[in-house]
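Residue numbers (the numbering used here): 221 to 297.
Here's what the structure looks like:
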């Protein structure tokens, strides 16, 4: 395997780990949001920022054609 391929594979793995962590955080927040009666403005803004971060990372992974073997997708749940 070429050095460039190894570097791409390592960076894609880092990207996919980050995507999965953001997905888990969104899932956790979604669970907490369901138990909260009144969301504060700060929580609403933080959720929007987190979803924007996820969208950016997801688009970057698609652009790189990074493969993902995980099974979770917090956005569609």
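Cβ coordinates follow ideal geometry from the N, Cα and C atoms, glycine included. Model, not experiment: these values are computed from the prediction.
The shortest CA-to-CA distance from residue 280 to any of 222, 238, 263 is the one to 238. A direct Cα-Cα distance of roughly 25 Å separates residue 256 from residue 275.
The three-state reading of DSSP puts residue 287 in coil, since its state is none of H, G, I, E or B. Here residue 268 carries a helix assignment [DSSP, helix/strand/coil]. Residue 249 places its beta carbon less than 8 Å from that of residue 270. The continuous alpha helix (DSSP H) containing residue 248 extends over residues 223-255.
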